[in-house]
Amino acid sequence: MKFNYKLQRLCGAYYGNPTVTDSHGTRGGAGNSSNICYTSDGNTLISPTSNRIQVIDLKTHTVRTLPLEARSNVRCIALSPNDAVLLVVDTKNYAMVVNLVRGVVLHRFRFQRKVLDARFSPCGTYLAVTHGKHVRVWLAPNHLRKEFAPLILHRTYTGQSQDATHLCWSEDSSVLLAASKDCTVRIWTLHTTRRYQPTTLSGHKTPVVGAYFDYREDAGSGNRVIDKIYTLSQDGALVAWKCDPPPNNDDEDEDDAVVEEIDLPPGNDEDFEARVDDAIDFFSGGAAGGPASKATRSKSTAPFSKSDQAHALVGCTWRYGSRHYFQQDGASLVACAYNDRTKLLAVGFSSGIFGIYEMPSVANVHTLSVGSNQIIKTCVLNQTGEWLALGCPKSQQLLVWEWRSETYVLKQRGHAYGARCMAYSPDGVVVCTGGEDGKLKLWNASSGFCYATLGEGHTAPVGSVAFANSSVVLSAGLDGTVKAHDLHRYRTFKTLTTPTPCQFLSLAVDPAGEIVVAGAMDPFHVYAWNLRNGRLLDVYTGHTGPVAQLAFSGGGGLLASASWDGTVKLWDMYKANVATESLSHNSDVVCVACRPDGKELVSGTIRGLLSFWDTETGKLKHELDGRRDIAGGRKENDRMASDNNASGRYFTSVCYSADGSCVLAGGNSKYVCIYEAQQRILLKKFQVTFNRNLDGVLDELSSKNMTDFGPVDEHAGDSEDETTYNALRLPGAKRGDDGSRSSKVEVLTRQVSFSSTGREWAAVSGEGLHVYSLDGDMVFDPISLEEAITPSAVKENLSLKNYSLALTMALHLNEDALLEQALEEIPHASIGSVVRTIGPEHLERLLAAIGTAMESSPHVQYYLSWCLEMLRTHGVHMDRHRSSFMRAFRSVHKAVQTKHDELKTICNQNRYALEFIESQASLTTAATAAALAVGKD
2 MKFNYKLQRL CGAYYGNPTV TDSHGTRGGA GNSSNICYTS DGNTLISPTS
52 NRIQVIDLKT HTVRTLPLEA RSNVRCIALS PNDAVLLVVD TKNYAMVVNL
102 VRGVVLHRFR FQRKVLDARF SPCGTYLAVT HGKHVRVWLA PNHLRKEFAP
152 LILHRTYTGQ SQDATHLCWS EDSSVLLAAS KDCTVRIWTL HTTRRYQPTT
202 LSGHKTPVVG AYFDYREDAG SGNRVIDKIY TLSQDGALVA WKCDPPPNND
252 DEDEDDAVVE EIDLPPGNDE DFEARVDDAI DFFSGGAAGG PASKATRSKS
302 TAPFSKSDQA HALVGCTWRY GSRHYFQQDG ASLVACAYND RTKLLAVGFS
352 SGIFGIYEMP SVANVHTLSV GSNQIIKTCV LNQTGEWLAL GCPKSQQLLV
402 WEWRSETYVL KQRGHAYGAR CMAYSPDGVV VCTGGEDGKL KLWNASSGFC
452 YATLGEGHTA PVGSVAFANS SVVLSAGLDG TVKAHDLHRY RTFKTLTTPT
502 PCQFLSLAVD PAGEIVVAGA MDPFHVYAWN LRNGRLLDVY TGHTGPVAQL
552 AFSGGGGLLA SASWDGTVKL WDMYKANVAT ESLSHNSDVV CVACRPDGKE
602 LVSGTIRGLL SFWDTETGKL KHELDGRRDI AGGRKENDRM ASDNNASGRY
652 FTSVCYSADG SCVLAGGNSK YVCIYEAQQR ILLKKFQVTF NRNLDGVLDE
702 LSSKNMTDFG PVDEHAGDSE DETTYNALRL PGAKRGDDGS RSSKVEVLTR
752 QVSFSSTGRE WAAVSGEGLH VYSLDGDMVF DPISLEEAIT PSAVKENLSL
802 KNYSLALTMA LHLNEDALLE QALEEIPHAS IGSVVRTIGP EHLERLLAAI
852 GTAMESSPHV QYYLSWCLEM LRTHGVHMDR HRSSFMRAFR SVHKAVQTKH
902 DELKTICNQN RYALEFIESQ ASLTTAATAA ALAVGKD
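Take a look at the structure:
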């Protein structure tokens with residue numbers, strides 16, 4: 002079994018920071034703003050989630066998570082014009098320069114002050130960031146190589162009295178626009194421009210949210226020149242500033258001629274040039290040169306051509322053009338975006354309403370709501386202006402709206418208060434999660450998108466979920482009900498209740514999918530129902546504590562129930578008058594799982610022990626002490642180091658792999674462990690997250706943050722959202738306080754589960770659903786390798802039509818790409834003869850290779866022929882050794898089921914199209930016949 006699992010995607014949180022919680026339980030990063038951006042083609046959306054980056058392909062509807070993490074929650078991101086370099090800045094002002102194509106970190110850097118916005122110049126040479134009250138421009142890093150100092154400071158712009166909030170470049174990268182919380186907008190030039198005086202636009206009463214350039218075509222040169230500037234503030238005011246060209250001055254050329262005749266004084270020319278540069282920077286309106294080299298300084302002070310937009314602004318005056326107000330009752334303008342090509346302006350409000358307006362008339366195109374009264378923190382238009390992306394961090398909601406067709410291209414939302422439990426479907430295609438909000442979400446395991454939300458049912462958090470079969474999922478909630486949901490019609494078709502009210506913590510379904518059992522918190526009973534008629538079959542009593550988890554054995558007749566009373570009881574579901582066997586432990590039991598063959602079970606206690614039991618004899622086989630493996634991470638309120646505080650760490654969820662050889666365990670720690678069951682050794686340990694905004698991630702805390710009254714709140718007084726829409730409006734009060742206080746969420750794993758295919762496993766944590774999968778291309782895992790078995794030998798035998806030998810060699814090398822090539826070059830007529838030459842030792846690997854290749858191959862019928870020949874020839878052998886082939890068989894079943902669903906959708910669409918064409922043809926024929934009849938008459 003391979004163990005090179007890598008994080009494939011993070012589901013359940015597509016935008017915002019779900020790791021921040023206040024006293025009211027509100028999630029989403031109230032003090033941490035984030036932004037989203039499109040790639041240059043507009044088909045891919047990059048969104049920050051917690052301390053990770055999600056890359057969402059809007060064409061193929063797939064999502065992947067970059068294999069990197071910031072130190073804390075991401076505050077802002079910036080993408081270069083060539084889609085190669087991504088700048089990621091977190092709430093601690095630590096930045097990462099990322100190669101987006103490869104997904105690797107090129108450089109790490111820390112800004113000294115708060116960064117609220119960052120923008121690459123359109124030419125891709127410069128990078129502008131808001132640096133507290135200042136704006137700094139850096140030379141952009143190179144994505145092709147790692148440099149010692151990839152960020153070289155070009156210039157620092159000053160003059161604003163409060164933090165800068167928004168940046169905007171001109172088309173030719175010669176002019177920079179910066180909005181600030183001091184209600185002003187500053188206009189600077191990138192390089193020193195003769196006679197240009199930096200301009201300040203003031204006229205707003207509240208902090209400016211955004212500022213954008215608007216262009217017009219120059220009749221003389223045919224180029225686009227700056228015509229207007231649009232500024233928007235939090236009170237919903239839109240101001241258009243008009244640029245008036247300078248009057249004609251005949252003395253300008255004479256002044257330039259006089260300046261050109263000035264010679265340098267004798268002495269050190271370099272020192273004089275440096276002093277001249279400093280003097281120009283000082284008198285140019287608060288622009289100070291950065292610590293660049295002489296070559297960089299000469300490059301930075303070299304002006305653009307006379308036709309650039311910076312020189313076009315020399316001598317221009319800005320006058321007040323017009324003012325408009327967006328009338329939203331009690332709501333503040335929080336986010337905005339402008340596309341100067343299509344003249345579209347998008348605005349988002351704190352009430353969850355967004356609008357699209359056509360400029361310069363400010364004609365309303367759409368005014369819609371995202372469906373929840375949540376703050377729209379970010380909105381951005383793609384290059385063509387067709388798709389509008391909206392982000393709501395508190396509800397972790399990400400939407401892409403196509404305003405022309407009035408449809409959603411993308412609409413994803415996580416659980417309101419976090420996920421609590423999860424389960425894989427038997428075929429591994431669907432993942433179901435239950436949340437604290439009482440809803441169920443269905444996720445596609447291949448794409449990572451949520452395609453259905455079942456929100457009819459529970460009025461309390463979902464305690465456990467389980468699949469009866471591929472089309473029925475059951476959920477048990479703390480509201481005392483067990484609900485059965487149909488995955489074809491997406492509705493609840495049965496509700497199971499108990500005679501007396503209770504709260505359910507655990508749920509299990511027998512392998513046949515007919516009997517449903519649920520364990521209660523109080524009273525300490527286990528209830529069993531018949532799923533077909535919904536009738537309560539029996540109530541199992543005997544536990545003296547809450548029933549934490551339930552599990553059926555492989556045969557289906559034996560039920561294991563783990564309880565806080567320190568016992569695991571074994572119940573025979575099909576035989577009456579059979580004594581219940583009790584497996585005693587020294588402490589509370591919080592989790593249990595049965596091996597797929599039903600001959601062994603594992604239980605976990607609050608002391609960090611994993612006990613393995615023989616289900617037939619009821620004897621303890623061996624124990625595994627995992628306290629040291631799961632220990633790690635010191636909480637802020639802990640009075641001892643993490644090395645000495647291992648008593649509070651234990652496993653809360655365990656599960657077996659598909660072949661039963663390994664155990665996956667996770668608990669109230671940042672680690673998830675994989676153990677070999679028989680040898681009792683730790684195979685691999687995964688750290689779920691490195692986000693320092695979570696409590697318990699660091700093993701050592703800084704003593705300077707500890708006082709006699711507890712730890713110092715590092716986020717106190719550092720909220721960038723101290724605006725009117727966050728404050729509670731009280732009668733007669735100018736400022737309000739809603740009493741909410743932020744606190745860190747503890748890092749823990751609520752539940753872990755292996756996929757039926759064995760190629761991936763998932764864990765539910767406070768950040769969402771972490772899906773780890775195998776990367777087969779990166780692992781070389783040969784069997785019985787000899788010198789004559791090489792990739793070139795495989796290709797040579799394929800060219801000589803020795804298909805059986807070539808396939809056997811490819812199976813020995815066990816490389817996915819080589820196996821797929823060998824499979825697809827075998828003719829369809831030779832599949833049967835080749836399958837008959839495969840020995841029993843290669844069947845499992847061949848079956849797994851067929852399932853892997855079929856997932857991405859368009860040759861559906863070809864691989865179905867392989868599956869059919871495998872079953873015809875070796876079906877009896879695989880049935881006798883079912884446990885050895887179960888993982889590979891489930892992988893093939895998942896691939897076949899996925900292809901079936903795709904073809905079903907395409908065939909239905911084609912059928913409807915053909916029916917429409919046929920109906921139109923019949924109408925045309927009838928009309929033609931009627932016309933001919935009239936002509937004859």
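In our numbering, the protein residues as written are 2 to 938. For each residue, glycine too, the CB sits at the ideal point set by N, CA and C. Remember, predicted model here, so these are calculated numbers, not experimental data.
Cβ-heavy atom distance, residue i to the ligand HEM, below 7 Å
i: Leu11; result: By its list of ligands, the structure shown contains no ligand whatsoever, and the ligand HEM lies outside what it can speak to.
Residue(s) in a DSSP beta bridge with residue i
i: Leu202; result: Val186
i: Asp539; result: Ala529
i: Pro49; result: Ile54
i: Met97; result: Val89 and Arg109
i: Ile516; result: Asn531
i: Asn340; result: Leu345
Residue from the options whose Cα sits closest to the Cα of residue i
i: Ala14; options: Ala420, Val579, Asn638 and Arg751; result: Ala420
i: Asp215; options: Ala659, Pro597, Glu172 and Lys182; result: Glu172
i: Ala461; options: Leu479, Val136 and Trp444; result: Leu479
i: Glu70; options: Leu571, Asn36 and Arg109; result: Arg109
i: Ser73; options: Thr66, Val90, Thr63 and Leu67; result: Val90
i: Ala577; options: Lys600, Ser447 and Leu538; result: Leu538
i: Gln161; options: Leu140, Trp189 and Ala141; result: Trp189
i: Ile607; options: Asp615, His586 and Arg596; result: His586
Residue i and residue j closer than 8 Å at C-beta
i: Val603; j: Gly667; result: no
i: Asn94; j: Phe121; result: no
i: Ala212; j: Val186; result: yes
i: Gly619; j: Ser670; result: no
i: Leu202; j: Ile230; result: yes
i: Lys206; j: Gln163; result: no
i: Cys184; j: Ser234; result: yes
Endpoints, the alpha helix (DSSP H) within which residue i is located
i: Tyr804; result: Tyr804 to Leu814
i: Thr853; result: Leu844 to Ser857
i: Gly833; result: Ile832 to Arg837
i: Leu824; result: Asp817 to Glu825
i: Arg760; result: First-last for Arg760: undefined, no H or E at that position.
i: Asn798; result: Pro792 to Ser800
i: Gln9; result: Careful: Gln9 lies outside any alpha helix (DSSP H), inside the beta strand (DSSP E) at Tyr6 to Cys12.
i: Ile230; result: Note, Ile230: premise wrong, no alpha helix (DSSP H); beta strand (DSSP E) at Arg225 to Ser234.
Beta-carbon proximity list for residue i, same chain, < 7 Å, skipping 5 on both sides
i: Ile918; result: none
i: Asp252; result: With a pLDDT of 46 at Asp252, under the threshold of 50, the modelled position of this residue cannot be trusted; read the value that follows with caution. Within the same chain, Asp252 has no close Cβ partners at all.
i: Asn374; result: Ser352 and Gly353
i: His829; result: Tyr863 and Ser866
i: His623; result: Phe613 and Arg681
i: Ser299; result: Because the pLDDT at Ser299 is just 38, under 50, the model does not fix this residue reliably, and the value given afterwards should be weighed accordingly. Excluding sequence neighbours, Ser299 sits near nothing in its chain.
i: Asp573; result: Gly558, Leu559 and Val579
Sequence-distant residues of the same chain with beta carbon closer than 6 Å to residue i, five excluded per side
i: His526; result: Val540 and Thr542
i: Thr758; result: Gly429, Arg891, Ser892 and Lys895
i: Ser465; result: Cys422, Ala477, Ser507 and Leu508
i: Leu844; result: His875
i: Asp719; result: Residue placement at Asp719 cannot be trusted, given a pLDDT of 47 that sits under 50; the coordinates are not used to answer.
i: Asn44; result: Leu59 and Lys60
Own chain residues within Cβ distance below 8 Å of residue i, not counting five before or after
i: Lys636; result: Asp696, Gly697 and Glu747
i: Leu11; result: Thr50, Ser51, Arg53, Gln55, Thr66, Glu768, Gly769, Leu770, His771 and Val772
i: Gln310; result: Ser171, Glu172, Asp173, Ser175, Val176, Val226 and Ile227
i: Cys380; result: Ala336, Cys337, Ala338, Ala347, Val348, Gly349, Phe355, Leu389, Ala390, Leu391 and Gly392
Endpoints, the beta strand (DSSP E) within which residue i is located
i: Tyr863; result: Note, Tyr863: premise wrong, no beta strand (DSSP E); alpha helix (DSSP H) at Val861 to Arg881.
i: Val106; result: Val105 to Arg111
i: His155; result: Ile153 to Tyr158
i: Ala561; result: Leu559 to Ser564
i: Ile354; result: Ile354 to Glu359
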